[in-house]
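Residue numbering for the sequence shown follows the working numbering, starting at 3 and increasing by one per position. Each residue gets a CB set at the ideal place from its N, CA and C atoms; glycine is no exception.
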Amino acid sequence: MSIRNTPAHWGLAARALHWLMAFMIAAQVPLGFWMVDAYDAWLAGSGDGDLVMTLSRIHNTMGFLLLILVAARLVWRLQNPTPDLPAGLAAWQRMTARVTHGLLYGLLVVFPLTGWAALSAYDGEFPIFFFGWDNVFRIVPQATEGSPFTSDLFGEIHETCWKIGTVVLGLHVIGAVWHEHVRRDGVLTRMWRG
Ligand code: HEM
Ligand code: HEM
3 MSIRNTPAHW GLAARALHWL MAFMIAAQVP LGFWMVDAYD AWLAGSGDGD
53 LVMTLSRIHN TMGFLLLILV AARLVWRLQN PTPDLPAGLA AWQRMTARVT
103 HGLLYGLLVV FPLTGWAALS AYDGEFPIFF FGWDNVFRIV PQATEGSPFT
153 SDLFGEIHET CWKIGTVVLG LHVIGAVWHE HVRRDGVLTR MWRG
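Written as structure tokens, this is what we have:
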């Protein structure tokens, strides 16, 4: 079993990164919503501040890990052949696969960066966690009165990533199931078992 890709197969590294990140995102998204709910409840006076901080620590840490993993994944992708799509697909099908994969990579980068920017721009005291560290540097300046780049703006983009991501991921999964059960060309199997 090869670590590297070949022109026909995904290597162990690409497959491990694909499924590890899919698994982390499956946890990260509900965690994000739970964190926002806990924060809103705390603002309304009925919540638990410690819970907000714990969820925030896990969400930030996992988000930063995802950012590191996507960078590693893109570098690895550039240094390896990308397995060809199966023969016989229509031009629009090849295009759909390329565009959805490109969008997924884009979202994997924009998602963590906008979350990080939302906390960086926050015009009060709010920690940016990475594991035990609670003072990660800001990537955009803290917003001041009248500043266009507010925490809310980045928060909105972060949330929009989720809306776009749901559609794109839906297409991605439909594509995978179609390949596996309708076309039976082994595309899902090669991402799973190589
Ligand atoms: C791929 C990585 C990430 C995913 C999939 C993700 C997902 C989510 C989701 C689904 C929400 C709830 C939707 C909402 O109300 O906005 C959320 C909220 C939030 N996330 Fe992330 N997140 C990621 C990375 C990060 C990182 C790295 C940070 C900060 C270091 C972060 C900070 C936040 C903040 C501050 C909110 C609340 C935003 C608001 O409501 O204005 N996220 N995230
Ligand atoms: C958040 C979850 C996921 C993300 C971010 C994601 C992302 C990606 C990306 C970016 C690629 C393109 C690989 C490349 O060309 O370098 C890919 C390939 C693939 N994904 Fe996903 N994926 C996710 C979940 C899933 C799920 C749940 C399935 C199956 C039901 C799946 C099945 C596949 C398959 C079969 C390929 C290989 C396509 C080929 O061999 O050409 N993915 N994924």
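*Counting along the chain, where does the alpha helix (DSSP H) carrying V184 start and finish?*
Locating residue 184 in the sequence shown gives position 182, where the first residue counts as 1. That residue, V184, is in no alpha helix (DSSP H); it is neither H nor E in DSSP.
*Expressed to the nearest angstrom, what Euclidean distance is found between the alpha-carbon atoms of P88 and A16?*
Counted from its first residue, the sequence shown places residue 88 at position 86. Counted from its first residue, the sequence shown places residue 16 at position 14. Going from the Cα of P88 to the Cα of A16 covers about 18 Å.
*From what residue to what residue does the alpha helix (DSSP H) around Q30 run?*
On the sequence shown, position 28 is the one that residue 30 refers to. Its alpha helix (DSSP H) spans residues 14-45.
*Is I27 near ligand 1, with its Cβ less than 6 Å from a heavy atom?*
Locating residue 27 in the sequence shown gives position 25, counting from the first residue. Yes, the beta carbon of I27 sits closer than 6 Å to at least one heavy atom of ligand 1.
*Which of helix, strand or coil DSSP assigns to F156*: Along the sequence shown, one-based indexing puts residue 156 at 154. Taken through DSSP and simplified to helix, strand or coil, F156 comes out as helix.
_For H181 and L190, which I take to be in contact (beta-carbon distance under 8 Å), what is that distance rounded to the nearest angstrom?_
Taking the sequence shown and counting its residues from 1, the one referred to as residue 181 is at position 179. Taking the sequence shown and counting its residues from 1, the one referred to as residue 190 is at position 188. Taking the Cβ atoms as the reference, H181 lies roughly 6 Å from L190, within the contact range of under 8 Å.
_Between P32, F139, I70, which has its C-alpha nearest T161's C-alpha?_
Here residue 161 is taken as the residue at index 159 of the sequence shown, counted from 1. The amino acid occupying residue 161 in the given sequence is Glu; Thr does not appear at that position. E161 has its Cα closest to that of P32, out of P32, F139, I70.
*With burial defined as no fewer than 16 other Cβ atoms inside 10 Å of the residue's Cβ, what is the status of R75: buried or exposed?*
For the purposes of this step, residue 75 is taken as residue 73 along the sequence shown, with counting starting at 1. That one is buried.
*For I130, which residues does DSSP report across the bridge?*
Locating residue 130 in the sequence shown gives position 128, where the first residue counts as 1. Answer is N137, bridged to I130.
*Should M37 and L68 be called a contact, given that it needs their Cβ atoms to be closer than 7 Å?*
On the sequence shown, residue 37 is found 35 positions in, with the first residue counted as 1. On the sequence shown, residue 68 is found 66 positions in, with the first residue counted as 1. For M37 and L68, no; Cβs fall outside 7 Å.
_Distance CB(F132)-CB(F66) smaller than 7 Å_ = If you number the sequence shown from 1, residue 132 lands on position 130. If you number the sequence shown from 1, residue 66 lands on position 64. For the 7 Å CB-CB criterion, F132 and F66 form a contact.
*Keeping to the same chain, check which residues put their C-beta closer than 6 Å to that of F113; ignore five residues upstream and five downstream.*
Sequence index remark: in the sequence shown, residue 113 carries index 111 (1-based). Same-chain partners within the cutoff: C163.
*asked:* Looking at N82: is its Cβ nearer than 7 Å to the Cβ of R6?
replied: Within the sequence shown, numbered from 1, the residue matching residue 82 stands at position 80. Within the sequence shown, numbered from 1, the residue matching residue 6 stands at position 4. Yes.
_Between the stretch 115-132 and the stretch 145-156, can you find at least three pairs of beta-carbon atoms closer than 8 Å?_
yes
*Could you give the DSSP three-state label for G49: helix, strand or coil?*
Numbered from its first residue, the sequence shown carries residue 49 at position 47. G49: coil per DSSP, three-state reduction.
*When you compare only the Cα positions, how much space is there between L53 and A40?*
By 1-based counting over the sequence shown, the position of residue 53 is 51. By 1-based counting over the sequence shown, the position of residue 40 is 38. Whole-angstrom Cα-Cα distance: 7 Å.
*Using only the heavy atoms of ligand 1, determine whether one of them is closer than 6 Å to the beta carbon of W118.*
The residue labelled residue 118 in the question sits at position 116 within the sequence shown. The answer is yes for W118.
*Taking all protein chains shown into account, decide if L121 is buried (16 or more other Cβ within 10 angstroms of its Cβ) or exposed.*
Translated into the one-based positions of the sequence shown, residue 121 becomes position 119. So L121 counts as buried.
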